[in-house]
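Student: In the UniProt record's numbering, the protein residues as written are 1 to 148.
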Amino acid sequence: MANESSQNLNELLLTFSTELRKRVQIRAEEDNGANEELGAALQQADTDFYADMNRLQREQLDLADQVSRLQAALLAAYEAKEKKDAEIEQFQAEHNDWKAASMELFNETRRDICISRATEDSVQLRALQVGLENLIQTNKRQKIDEDA
């Protein structure tokens, strides 16, 4: 009986040991499967992360390029405005010079007209004076002729 008990105990231990090995193996296989899934998920996450990083870097470069172009356009617009402002200032200065020259010419012309009119009036007065003197002389001669 001791032998039979020992044999039963050995069989029981063998069964338990076998069952335990099966469960450990099943658990290991499940863990391996889970680890493989986890590894695949991690690898996919890494791939997605680097793809996103590359996309973001490209977008960042595109944005930097757009900013550069906008800065260049803004600078060109500012320079064009400065040039236009300078042209306006030059035009205003030329206009003021032209206006001053026109006023000066107008005043000179008005003075010349006044001088010309005064000269004409003076000539006409002198002609009237000469004519009057001639008329007086003619009247004096006629009176002398009538008296004689």
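Quick reminder that beta carbons are idealized off the backbone N, C-alpha and C, glycines included.
It should be emphasised that the depicted structure is a prediction, and the values quoted were computed from it without experimental measurement.
Alpha carbon to alpha carbon, how far is residue 58 from residue 75? Give it in angstroms, no decimals.
Tutor: Rounded to whole angstroms, residue 75 to residue 58 spans 26 Å at the Cα level.
Student: Residue 105 to residue 90, Cα distance in whole Å?
Tutor: For residue 105 and residue 90, the distance between alpha carbons rounds to 22 Å.
Student: Distance, Cα to Cα, residue 45 vs residue 53?
Tutor: Cα to Cα, the separation comes out at about 12 Å.
Student: What separation, rounded to the nearest whole angstrom, lies between the Cα atoms of residue 35 and residue 66?
Tutor: Looking at the two C-alpha atoms, the distance is approximately 45 Å.
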